[in-house]
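Written below as structure tokens is the structure these notes are about.
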Amino acid sequence: MDATSLATLWATVALIIFLGVAVYIKVPGLIAKGLDARAAKISNELEEARRLREEAQQLLGQYQKKRKEAEQEAADIVAAAKREAELLAAEAHKKTEDYVTRRTALAEQKIGQAEREAVAEVRASAVDVAVEAARALLAAKVDAKAGADFFKSALQEVKAKLN
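Here the numbering used here is used: the first residue of the sequence shown is 164, the next is one more, and so on.
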């Protein structure tokens with residue numbers, strides 16, 4: 164045998180001994196066990212990731228539902244505020260109209276009272292002027308004593324008619 168063959172033979176024998184020792188101390192079992200443990204760990208991590216994803220999907224659904232409810236509640240609040248504002252505006256408009264109506268009626272009453280007072284004043288002035296004119300006329304035609312008696316009776320008659 165030549166040197167290369169001898170080296171190849173010793174390498175083959177060393178390989179067979181190495182493989183025998185490896186099988187004897189159960190290295191393939193340890194490798195398989197390590198691979199199985201790693202596969203189990205990866206499987207567990209995948210399952211955990213799947214569970215976390217489902218949980219995240221549930222939370223997302225809950226938050227979307229809460230957001231929709233909050234949006235609906237906000238829309239309801241805005242609608243209620245608009246209705247209340249419209250009611251307040253209508254009430255203020257009605258109160259303003261009522262105030263204007265009352266003020267107009269009060270002004271009309273004051274105008275009517277002033278007209279009545281003016282008419283009464285004009286009548287009183289007319290009566291005074293007529294009485295004075297009658298007195299002056301009668302005083303010129305009748306003597307003083309008869310005129311005074313006549314004036315007193317006319318004055319009593321006018322007072323009785325006015326009251």
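All C-beta atoms in this analysis are idealised placements derived from N, C-alpha and C, irrespective of residue type, glycine included. Since the structure is predicted, the reported quantities are computational estimates derived from the model, not experimental observations.
Worksheet item: So, helix, strand or coil for D165, using DSSP?
Response: In the three-state reduction of the DSSP assignment, D165 falls in the coil class.
Discussion item. For a test of the three-state rule: what should DSSP assign to K196, helix, strand or coil?
Written reply: Of the three classes helix, strand and coil, the one that applies to K196 here is helix, per DSSP.
Worksheet item: CB R298 to CB F313, shorter than 7 Å?
Response: In this structure, F313 does not lie closer than 7 Å to R298 by Cβ.
Discussion item. Within 8 Å, do at least three Cβ pairs link the region 288-297 to the region 314-325?
Written reply: Touching, yes.
Worksheet item: For I188, which of helix, strand or coil comes out of DSSP?
Response: Coil.
Worksheet entry | Whole-number beta carbon distance between L325 and V290, since they are thought to touch under 8 Å | Going by Cβ atoms, the distance from V290 to L325 rounds to 7 Å, so yes, they are a contact pair.
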